[in-house]
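Residue numbers (this note's numbering), protein chains in the order written: chain S, 1 to 293; chain G, 1001 to 1293.
There are 2 protein chains.
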Amino acid sequence: MKQPNKNFENRLFYVNFDFYFLAITIGLEMSNSYNKLERAINSRKNMLCIGLDSTIAKLPTHMPKTAESLLKFNFQIIEATRDIPAAYKINTAMYEELGEQGWDILKKSISVLPDDVFLILDAKRGDIGNTSMSYAKSLFDTYHADAVTVAPYMGEDSVSPFLEYENKFVFLLALTSNKGSQDFQRLICDGKPLYKHVIAKSSEWASHEKLGYVVGATHPGELGELRDENPKRVFLIPGVGAQGGDVNKVMKANKGDLSLINVSRGISYASSGEDFAEIARQKAIEYAQSMAI
Amino acid sequence: MKQPNKNFENRLFYVNFDFYFLAITIGLEMSNSYNKLERAINSRKNMLCIGLDSTIAKLPTHMPKTAESLLKFNFQIIEATRDIPAAYKINTAMYEELGEQGWDILKKSISVLPDDVFLILDAKRGDIGNTSMSYAKSLFDTYHADAVTVAPYMGEDSVSPFLEYENKFVFLLALTSNKGSQDFQRLICDGKPLYKHVIAKSSEWASHEKLGYVVGATHPGELGELRDENPKRVFLIPGVGAQGGDVNKVMKANKGDLSLINVSRGISYASSGEDFAEIARQKAIEYAQSMAI
């Protein structure tokens, strides 16, 4: 920050100013994801998480159906909503589908997200130890996620490489929002459903500052019960909007505890016209108000 | 295939020759993955699947630790073993870790695999319907996999987009080779372990020509039992070599049914010296012999 022709006081001001930003930068680097999430929710005063699950096929009608448009679409949605949500969630599948170009769009989209907002990469990974370590490096280091979603089926050694990452956070799938959640997650094993086993067992692996759970908005009854049993765990709650989950029921069931409630298509695809960014902003404000803390 | 200065008979021969290859090409395009797998096992006369889980850190000591070396390493391993196994399995995590460059290496490695050998992309994906569809497009269309591995936790609508892909094959995780398989997969639900529920329920979703199961070599007892119960289903059996699975026990438990037995580190990292490709070939031949049909 070069400042020619300034007097000493002025120079001192700028030196201090530099140190001030340096201190903030170090402070942010040292803090963990859990603290970042708490700060984001408290400063934005809501639990809204905006999902960026963009696909070329669903771009607004006036945009050419190209990868370049997809990036432009993401930039405009982020620009229009950046002061509203506590978090963004990006589903890696939609970008992976486009090959190397998709990963480039993912990286560029992430690069314009506000620094103080929480970033979840929704990848639902999970593999044997050395492989999960590769996934963790990719999602946390290469793409700078604050948190990732992980599938529990393969057990502790498939999840621990994500948990061992310093200052990062994991959302383990428990009771998902889709219809298929009834196939295995609700099976009764030793007197309780599988999803409760997943929570009980994995709770031994890490504290609430490292590990939370995905619980679908489409199951408000179970959400309320899980909240009573796990008041300190952060829940990532998808399924509001296109999937049919009801915000008011979710807010009541959540009882004010720390959660993120995700809306994807209900915001980014609320309009397919040229006003898509403006309408996305309006929808984001409405959802944020309904999820106010 | 231009042939100047040839007489009519010769030209006719070449025209027929062209049609012959065209017919073979069309035949291969139209056949499904299951048939391709059967043909590959029958022509190679063994059930060996070579895993290409290459990482920069584990490159032979004489190679520079770069992404370029990783591609060269893959090329050399494939070149040295291409006439031996029935299948190759590539774990996407190791490539994803390197960002866009990694996906480029993955694509280039796949481009030099023999056409008649089965390709599994081991990605363990699984998400809500529209998202699984994106993963399926990526793995089947962009990267030309014959089969992919899928995680079962999210149930039918997370698996069906993979199953609905024409002429492709899915290996669903049942009883995995890692230690963490004991955490949830072995939970007794309604009188039988979760992994048996996964097989029983998902068997209703697709025939044995579309859907097989991952069953770890580290559980030969359970493998034998699952074989008796599901003689027609193809099993993908990882865990031989570095993970401790025993080939002879696996072969006995498998009872000659259609399976692929994967070896990754035991072949590609058998030597870290300049002879790595030669030793990989030797090891592949030894493993193939021990897995002869």
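Glycine included, each C-beta is placed from N, C-alpha and C at the ideal position.
Point to revise | Outcome for S:Glu-96 when other beta-carbon atoms lying within 10 angstroms are tallied against a minimum of 16 | key: buried
Check your understanding: Of all the CB atoms in chain S, is at least one closer than 8 Å to the CB of G:Leu-1194?
Key -> yes
**Study point:** S:Pro-220 - DSSP class collapsed to helix/strand/coil
**Key:** helix
Check your understanding: Would you say S:Pro-220 reaches chain G, if we count a Cβ-Cβ gap shorter than 8 Å as a contact?
Key -> no
Review point. Among residues of its own chain, excluding the 5 on either side of S:Ile-274, which ones have a beta-carbon nearer than 8 Å to its beta-carbon?
Key: This sequence places Glu at residue 274 of chain S; Ile is not what is there. So the qualifying residues of the chain are Pro-60, His-62.
Practice item. Using a Cβ-Cβ cut-off of less than 8 Å, give me the residues of the region 79–93 of chain S that come near chain G, in sequence order. Key: Asn-91, Ala-93
Review point. Just how far apart, CA to CA, sit S:Ala-277 and G:Glu-1100?
Key: 29 Å
Exercise for review: Note down, in chain order, each residue of its chain lying with its Cβ closer than 8 Å to the Cβ of G:His-1144, except the 5 sequence neighbours on either side.
Suggested key: Ile-1110, Leu-1119
Practice item. Mark G:Thr-1055 as exposed unless 16 or more other C-beta atoms lie within 10 angstroms of its C-beta, in which case mark it buried. Key: buried
Review point. In chain order, what residues of the same chain have a beta carbon less than 7 Å from the beta carbon of G:Phe-1162, not counting five sequence neighbours either side?
Key: Ser-1132, Ala-1136, Val-1148, Val-1150, Val-1170
Exercise for review: Starting from the C-beta of G:Ser-1033, find all residues in its chain whose C-beta is less than 8 Å away, skip the five residues before and the five after it, and write them out in chain order.
Suggested key: Phe-1118, Asp-1146, Ala-1147, Asn-1167, Lys-1168, Phe-1169
Check your understanding: Mind checking S:Glu-156: buried by the 16 CB within 10 Å criterion, or exposed?
Key -> buried
**Study point:** Range covered by the beta strand (DSSP E) that runs through G:Ser-1259
**Key:** 1259–1263
Check your understanding: Given that S:Pro-152 touches chain G, what residues does it touch there, using C-beta distances under 7 Å?
Key -> Tyr-1153, Phe-1184
**Study point:** Presumed contact (8 Å Cβ cut-off) between G:Ala-1253 and G:Pro-1238, rounded CB distance
**Key:** At roughly 14 Å, the Cβ-Cβ gap does not stay under 8 Å, so G:Ala-1253 and G:Pro-1238 are not in contact.
Check your understanding: How about G:Val-1159 and G:Ser-1202: are their beta carbons less than 8 Å apart?
Key -> yes
Exercise for review: Compute the distance between the beta-carbons of G:Asn-1248 and G:Cys-1049, then report whether it is under 8 Å.
Suggested key: no
Exercise for review: Return no unless some Cβ of chain G is closer than 8 Å to the Cβ of S:Cys-49.
Suggested key: no
Practice item. Pull up the DSSP beta-bridge partners for G:Ala-1087, would you. Key: G:Cys-1049, G:Phe-1118
Point to revise | Short CB-CB distance (under 8 Å) between G:Phe-1276 and chain S | key: no
**Study point:** Span of the beta strand (DSSP E), counted from its first residue to its last, around S:Leu-172
**Key:** 169–175
Review point. If you follow the beta strand (DSSP E) that S:Val-250 is part of, which residue opens it and which one closes it?
Key: S:Val-250 -> not in any beta strand (DSSP E); alpha helix (DSSP H) instead, spanning 247–254.
Review point. With 16 other CB atoms within 10 Å as the buried threshold, where does G:Lys-1232 fall?
Key: exposed
Check your understanding: Which residue's Cα is closest to the Cα of G:Trp-1205: G:Met-1047, G:Glu-1164, G:Asn-1046?
Key -> G:Glu-1164
Point to revise | DSSP state of G:Lys-1179 mapped onto helix, strand, coil | key: helix
Check your understanding: Taking just the CA atoms, how far does G:Lys-1036 sit from G:Ser-1043?
Key -> 10 Å
Exercise for review: Work out the CA separation of G:Ala-1200 and G:Gly-1212 for me, nearest whole Å.
Suggested key: 12 Å
**Study point:** Residue environment, S:Pro-64, which counts as buried when at least 16 other CB atoms sit within 10 Å
**Key:** exposed
Review point. Can you find a CB in chain S that lies within less than 8 Å of the CB of G:Val-1263?
Key: no
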